[in-house]
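Numbering (this note's numbering), first residue to last: 7 to 158.
Quick reminder that beta carbons are idealized off the backbone N, C-alpha and C, glycines included.
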Amino acid sequence: CELFVLHRLSPYPSSRGKPIYLILDPGIADYLGASLTRKLHITLLNERLCKNTYTVTKKKQFYYYRSIGKNFIHLIEEDLDGKREAFQLFDIERIKKPDLELMHSFLTRNSNTTGSLYAPVPETMIIKKIHIHPWENMAVGESNISPFLVQP
Numbered sequence: 007c008e009l010f011v012l013h014r015l016s017p018y019p020s021s022r023g024k025p026i027y028l029i030l031d032p033g034i035a036d037y038l039g040a041s042l043t044r045k046l047h048i049t050l051l052n053e054r055l056c057k058n059t060y061t062v063t064k065k066k067q068f069y070y071y072r073s074i075g076k077n078f079i080h081l082i083e084e085d086l087d088g089k090r091e092a093f094q095l096f097d098i099e100r101i102k103k104p105d106l107e108l109m110h111s112f113l114t115r116n117s118n119t120t121g122s123l124y125a126p127v128p129e130t131m132i133i134k135k136i137h138i139h140p141w142e143n144m145a146v147g148e149s150n151i152s153p154f155l156v157q158p
């Protein structure tokens with residue numbers, strides 16, 4: 007059940023954990039002492055809920071994914087056709103290949119899924135089929151990707 011300021015986010019079916027409840031205002035979350043990553047998580051959820059409400063004819067389900075090692079994919083958006091988008095957030099500028107392993111593993115196990123990672127990086131790039139975007143692209147979505155920034 008949702009209240010006017012809370013959103014329930016269930017774990018993805020192959021995930022571990024219990025439902026989490028997110029305050030839908032990052033300002034209130036900040037006042038209550040939320041971490042930067044949690045405030046970004048709230049912002050991302052808000053943007054995806056808005057996009058779903060105003061531009062999508064088919065409603066989508068939202069989940070999070072937690073691995074056995076307690077690593078986290080912050081948001082998984084799934085439509086009725088089984089197409090999924092997975093979103094991961096980082097508050098570090100330097101993304102290393104081990105940081106991408108959870109998303110890469112999730113994409114490998116779940117066909118028909120795309121993966122995006124948001125971090126404080128200067129421009130969008132692709133590594134291991136994962137789109138890495140600057141934080142400010144959360145509201146915009148996909149941006150033009152320079153072919154020079156695509157890495158295997």
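- Message: Under 8 Å: do the segment 48-57 and the segment 98-109 share three or more Cβ pairs, one atom per stretch?
- Response: no
- Message: Judging by CA-CA distance, which residue of 88, 119 and 37 is the nearest neighbour of residue 65?
- Response: 88
- Query: At what residues does the alpha helix (DSSP H) containing residue 33 begin and finish?
  - Reply: 32-37
- Message: Closest to residue 5 by C-alpha separation, out of 55, 144 and 92, would be which residue?
- Response: Nothing about residue 5 can be read from this structure; the chain reaches only from 7 to 158.
- Message: Starting from residue 119, trace the beta strand (DSSP E) in both directions and tell me its first and last residue.
- Response: 119-125
- Might you give, ordered along the chain, the residues of its own chain that have their beta carbon closer than 8 Å to the beta carbon of residue 27, omitting 5 neighbours on each side? 12, 13, 14 and 15
- Message: I'd like to check one pair, residue 109 with residue 136: are the Cβ atoms closer than 8 Å?
- Response: yes
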